[in-house]
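Chemist: Have a look at the structure that comes next, please.
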DNA sequence: TGGCTAATTTAGGCATGGCTAAATCCAGGC
DNA sequence: GCCTGGATTTAGCCATGCCTAAATTAGCCA
């Protein structure tokens, strides 16, 4: 990662990134390996620290959705604030209370307690060739409007779709066959990933109901 | 409240208190009414802000105990960190998930959603006259050792006790009558409050089991 | 009323994590 | 091999919330 890539992602000035990278590289143990004017990369320790935060964030998202009845487009911001103060003990209690889940409400893998690195994401819808059949795997969690749009279209993790055309616009059919074709917006197909049915661990498990949790929180 | 009283309670230097009081008094709306060199007092808005934090803190404590299986002496610190980042929506969802409870695990009243001020606490055990029968009402939540000691003695909110003697040490019997007398440490009786049975809303409701939650979290 | 002591406030620092502006670096084009 | 422009780093500020040390205030007693 270069300094400016990080600055863009974090919506922060490059100078601030430089300062923070220097600090993280000087930490004990160092969390990044930093080569002046040349970019930085996570160390082993840095990757574990990052995975711990990701684990916490995703468990919180699932908790807010499953146990408190939040809609799947509302959980990200709350989790973002909570993730930095939730202690390790609470993370594990949350995991236990949720049954040590493998995925958050958006389909993202939840790192296990050992902080094993998680594999690469599935393929973006925008990269699927026409004729291809795939299972929705995950969607970015930081754009509520995207998530609401997906819910409205019935485009949820676990749903199977078939690509009819990729240009000029992505046209797909949902479900098995014969359903009415949908035209998917370009910004959507660039931020939703899918997998071949034979790879998906979500197939035919159309997630209780990501959007609004109409049944209410599970412990009422 | 004077500056030094606040400094003591907050374990902070008086100079820091002065600075913060000036800031809170200058806030819009002002949260404290501050008279230079003369002390400060909460404004209406300040009291509401404080009650909102207390409500959040106590709901979190109850949540951690009831839903995540924390022991009652472990919840305070976690709640202290969480209370400042939990948003208003989550507070109300927690309240709903817990059934809009009136008390936290230590017996403290939870302010309602309207932030109605809560009444004065019950009487300290140390102030009960010999011969008096009372129901344990609440205990300070910020001292895990005290809470563990109470649990070990069976001194839980809702438990009825009778004071046999107040000096030189407080001796009590727990439960109805005839039980073996207990001698209570001075630091304990100064931090646990009780009420006359006819005032208590906890009578004969010896709280499922404050200490360890042996049945595990309620939604397993 | 003067003065003394304790309480309080002011003045000036430190660390965090952001910022801008200015210097420096470096890679590609000539 | 230079030179130039974008990327990067440095230098120097700002706000927060805490600190210490010094000045000030206030209340009490003679």
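Residue numbers (the working numbering), protein chains in the order written: chain A, 316 to 535; chain B, 316 to 535. Backbone N, C-alpha and C fix where the C-beta goes; we use that ideal spot for every residue, glycine too.
If you drop the 5 nearest sequence neighbours on each side, which residues of the same chain put their C-beta closer than 6 Å to that of residue 348(A)?
Modeler: 356 and 358
Chemist: Hey, which unbroken runs of the alpha helix (DSSP H) at 4 residues or more fall wholly within the segment 329 to 412 of chain B?
Modeler: 329 to 341, 359 to 381, 390 to 397 and 403 to 412
Chemist: Which class does residue 448(B) belong to by DSSP, given the choice of helix, strand or coil?
Modeler: strand
Chemist: Check each residue of the segment 403 to 421 of chain B: if its Cβ is closer than 8 Å to any Cβ of chain A, include it; give the result in chain order.
Modeler: 404, 405, 408, 409, 411 and 412
Chemist: Closer than 8 Å between beta carbons: that is the criterion. Which residues of the segment 450 to 464 of chain A meet it against chain B?
Modeler: none
Chemist: Under the DSSP definition of a beta bridge, which residues are partnered with residue 496(B)?
Modeler: 488(B)
Chemist: Counting only the same chain and skipping the five closest in sequence on each side, list residues whose C-beta sits under 8 Å from that of residue 417(A).
Modeler: 424, 425 and 516
Chemist: Taking the alpha helix (DSSP H) that residue 505(A) falls in, what are its first and last residues?
Modeler: First-last for residue 505(A): undefined, no H or E at that position.
Chemist: Please list the partners that residue 400(B) has in chain A, where partner means a Cβ-to-Cβ separation under 8 Å.
Modeler: Within 8 Å Cβ-Cβ: 396, 397, 399 and 400.
Chemist: Counting C-beta neighbours from all protein chains within 10 Å, is the total for residue 475(B) 16 or more, i.e. buried, or is it exposed?
Modeler: buried
Chemist: Apart from the five residues just before and just after residue 436(B), which ones in its own chain have a Cβ nearer than 7 Å to its Cβ?
Modeler: 453 and 508
Chemist: Taking a cut of 8 Å between CB atoms, which residues from the segment 368 to 388 of chain A lie near chain B?
Modeler: 379, 382, 383, 384 and 385
Chemist: Could you give the C-beta distance for residue 393(B) and residue 420(B), rounded to a whole number, given that I count them as a contact under 8 Å?
Modeler: Wrong, their Cβ atoms sit about 12 Å apart, outside the cutoff.
Chemist: Report yes or no: is there a C-beta of chain A within less than 8 Å of the C-beta of residue 343(B)?
Modeler: no
Chemist: Within its chain, find whatever has a CB closer than 7 Å to the CB of residue 469(A); leave out the 5 residues flanking it on each side and keep chain order.
Modeler: 489
Chemist: Could you name the residues that DSSP lists as bridge partners for residue 597(A)?
Modeler: An answer regarding residue 597(A) cannot be provided, because it is not within the stretch 316 to 535 covered by chain A.
Chemist: Does the segment 368 to 382 of chain B come within contact of the segment 389 to 404 of chain A, defined as at least 3 CB pairs closer than 8 Å?
Modeler: Touching, no.
Chemist: Quick one: what does DSSP say residue 318(B) is sitting in, helix, strand or coil?
Modeler: helix
Chemist: According to DSSP, is residue 418(A) part of a helix, a strand, or is it coil?
Modeler: Strand, per DSSP.
Chemist: Exposed or buried, residue 325(B), counting other C-beta atoms within 10 Å across all chains shown (16 or more means buried)?
Modeler: exposed
Chemist: So with Cβ pairs under 8 Å, would you call residue 481(A) a contact of chain B?
Modeler: no
Chemist: So does the segment 398 to 408 of chain A actually touch the segment 439 to 458 of chain A, counting three or more Cβ pairs closer than 8 Å?
Modeler: no
Chemist: Using a Cβ-Cβ cut-off of less than 8 Å, give me the residues of the segment 493 to 519 of chain A that come near chain B, in sequence order.
Modeler: Under the 8 Å Cβ criterion, the segment 493 to 519 of chain A contributes no residue.
Chemist: Taking the C-alpha atoms as reference points, what is the distance between residue 530(A) and residue 411(B)?
Modeler: Low confidence applies here, because residue 530(A) scores a pLDDT of 32, under 50, leaving its location unreliable and the question unanswered by this model.
Chemist: Would you mind giving the Cβ-Cβ distance between residue 486(B) and residue 498(B), rounded to the nearest angstrom? I have them listed as a contact below 8 Å.
Modeler: 5 Å
Chemist: Examine chain A for any beta-carbon lying closer than 8 Å to the beta-carbon of residue 348(B), and answer yes or no.
Modeler: Not one chain A Cβ lies under 8 Å of residue 348(B).
Chemist: Run the CB neighbour count on residue 449(B), radius 10 Å, all protein chains shown included, and call it buried at 16 or more, exposed below.
Modeler: Label assigned to residue 449(B): buried.
Chemist: At what residues does the alpha helix (DSSP H) containing residue 462(A) begin and finish?
Modeler: 459 to 468
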